[in-house]
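Asks: Have a look at the structure that comes next, please.
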Amino acid sequence: MHDPEDRSFFGHPRGLGYIAFTEAWERFSYYGMQSLLVLYMVHRLLHPGHIEHIAGFVPFRHFLEFVYRGPLAVQPLASAIFGLYTGLVYLTPILGGLLADRVLGRTRTITIGALLMAAGQFLIAFDVTFLVALTSLLIGVGCFKGNLASQVGALYATGDNRRADAFQIYYIFINAGVIISPLIAGTLGEVYGWHYGFGAAGVGMLIGLTIYLSGRKWLPPDSPIVEKGERAAKPRLTHREKMAIVALLLLLPVLTIAIIGNQQIFNAYLVWAERNADLIFFGKKMPTTWLVTLDSIISVSFLAGSVVFWRLWAKKFPEPPEITKIGIGSLVAVTGFISLAIGAAMAAGLGTKVAIGWLITFHVLNSIGFANIFPVSLALYARVAPAALSATIIGIYYLAFFAANNLVGTIGGLLEKMSATHFWLLHSALCGTAGIIFLLAGHFFGYLLAPSNDASRTTNH
């Protein structure tokens, strides 16, 4: 049975372990496919002999070219598809949250989502079912993503300080799945055949579903499904809860700007690195998808390091609020994109390929920054969300990723229109702007997002 006081999983409830391992396999599935998607489109799917077999692709392409105001060559077209798909991936959790809160409950919604995602992975390697597969994946992720994340927060009693740590542990497991997926799914897809890579991603999703169902008794129970006639009896939001939700909504555009650069790793960054980076080791070219594994290994290290750092910091100094951590993380990430710009400029000047050291420097600095953006922002939204709207608010949180990934698709198309140096400086400027706004917002409006006891002390000042 679920016990909020349980500490059997690294000092946390056992249910966190089941959720974390489930999410690790879901991320193995998702990122295994995503690490291959742009390369698959650029090298195979969007070329004659394949593109004409995709069911429904002609009107879909016309729509994209209408939105982008002109014909799209292969790389910009792949970038546009990537941006639209990965953007919608983060929009559908809003509907999934409503479905779980109002109709099916979390468990059934998550199960349906996992099955749809597995089906999409198996279908995507076939030309004719490409768009059907993307649709299945979109619906599946919508049912799965926000609902599983909201269960993390529900493991803890109100005021339990372990919640923020739990989301960082959750993100460590996410990155563990991402580390493994390019090594298995990415290598199978690039070296042995695209369908092997996508198939491995589908199997990973089924493993995740099995783990989730086996751990149900350790997870928080589903909230009762509220019938239409009973919905008026739901607790009304207090004025403070309403103001906090408004603050969360106003921060969404800023979070969008902050994460554009990191989301570009799976799009234009892979294409740029494949063309311009020196990936030759011992006479053989490293699979480009392994850069995703490199990023994830570094990310896991700094996610774990961030947890330890803030615990040690809190022993001697007041721990900064979440919004301040997000601002600091954004400014640190700026330096990562500057390193890519410097590496690109030096390589262009020397007429050589970009040394791998510049890419490693980017991943290190970017990972330090985003260790204080992704888990901390998710923890912020989960903590502030009223209990009756928890899954819905988490779904709204992912609106930032919807917008960011659509912008990633648009900005990624600029790779062929501007120098790489200017391309990466643009990403640096976006992240830096967001960091400054977060710090200013925390200074002037942070009390709206503070825990109740902190908020009262702040307003008394």
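Converting from the sequence shown to the working numbering requires adding 36 to each position, the first position being numbered 1.
All C-beta atoms, glycine included, are put in the ideal place defined by N, C-alpha and C.
None of the values given here were measured: they were computed from a predicted structure.
(1) Going straight from the alpha carbon of L184 to that of V290, what length do you get?
(2) Under DSSP, the alpha helix (DSSP H) around N508 begins and ends at which residues?
(3) When you compare the CB of A280 with every CB in chain B, is at least one pair closer than 8 Å?
(4) How should R276 be labelled, buried or exposed, when 16 other C-beta atoms within 10 angstroms of its C-beta is the threshold for buried?
(5) Can you tell me the Cα-Cα spacing of A418 and S426, whole angstroms?
(6) Take the Cβ of H98 as the centre, count every other Cβ of all protein chains shown within 10 Å, and call the residue buried at 16 or more, exposed below.
(7) Inspect the beta-carbon positions of F93 and L167 and report whether they are closer than 8 Å.
(8) Given this structure, state the Cα-to-Cα distance separating M322 from L315, to the nearest angstrom.
(9) For I362 and L108, I'd like the C-alpha separation in whole angstroms.
(10) Any idea what DSSP makes of A268, helix, strand or coil?
(11) For L550 and Y126, what's the separation of their Cα atoms in angstroms?
(12) Using a threshold of 8 Å, state whether the C-beta atoms of F234 and I160 are closer than that.
(13) Apart from the five residues on each side of it in sequence, which residues of its chain come closer than 7 Å, Cβ to Cβ, to P487?
(14) Keeping to the same chain, check which residues put their C-beta closer than 7 Å to that of T469; ignore five residues upstream and five downstream.
(15) Any idea what DSSP makes of I409, helix, strand or coil?
(16) Using 7 Å as the cut-off, classify the Cβ of F93 as near or not near the heavy atoms of the ligand PLP, replying yes or no.
(17) To the nearest whole angstrom, what separates the beta carbons of I175 and L152, a pair I think is in contact under 8 Å?
(18) In angstroms, rounded to a whole number, what distance separates the CA positions of A456 and K253?
(19) Would you kindly work out how many angstroms separate the C-alpha atoms of L219 and L395, rounded to a whole number?
(20) Using the three-state DSSP reduction, which class does A313 fall into: helix, strand or coil?
(21) What do you reckon, are the CB atoms on G68 and A309 nearer than 8 Å?
(22) Below 8 Å between beta carbons: does that hold for N303 and V78?
(23) Go through its chain and collect everything with a Cβ distance to V368's Cβ below 6 Å, but skip five positions before and after it.
Replies: Let's see:
(1) L184 and V290: Cα-Cα distance of roughly 25 Å.
(2) Not covered by the structure: residue 508. The range shown for the chain is 37 to 497.
(3) The structure shown contains no chain B; it is built from a single protein chain.
(4) exposed
(5) 7 Å
(6) exposed
(7) yes
(8) 5 Å
(9) 36 Å
(10) With a pLDDT of only 46 at A268, under the threshold of 50, the placement of this residue in the model should not be trusted, and no figure is reported.
(11) The displayed coordinates of the chain run from 37 to 497. Any statement about residue 550 would go beyond what the structure contains.
(12) yes
(13) none
(14) In chain order, I293 place their CB closer than 7 Å to the CB of T469, counting only its own chain and leaving out the 5 sequence neighbours on each side.
(15) Shown here, I409 sits in coil according to DSSP, grouped into three states, outside any helix or strand.
(16) The ligand PLP is not part of this structure, which contains no ligands at all.
(17) At roughly 5 Å, the Cβ-Cβ gap stays under 8 Å, so I175 and L152 are in contact.
(18) 51 Å
(19) 18 Å
(20) strand
(21) Not closer than 8 Å, so no.
(22) no
(23) Scanning its chain for C-beta atoms nearer than 6 Å, with the 5 sequence neighbours on each side dropped, one finds around V368 the residues I404 and G405, in chain order.
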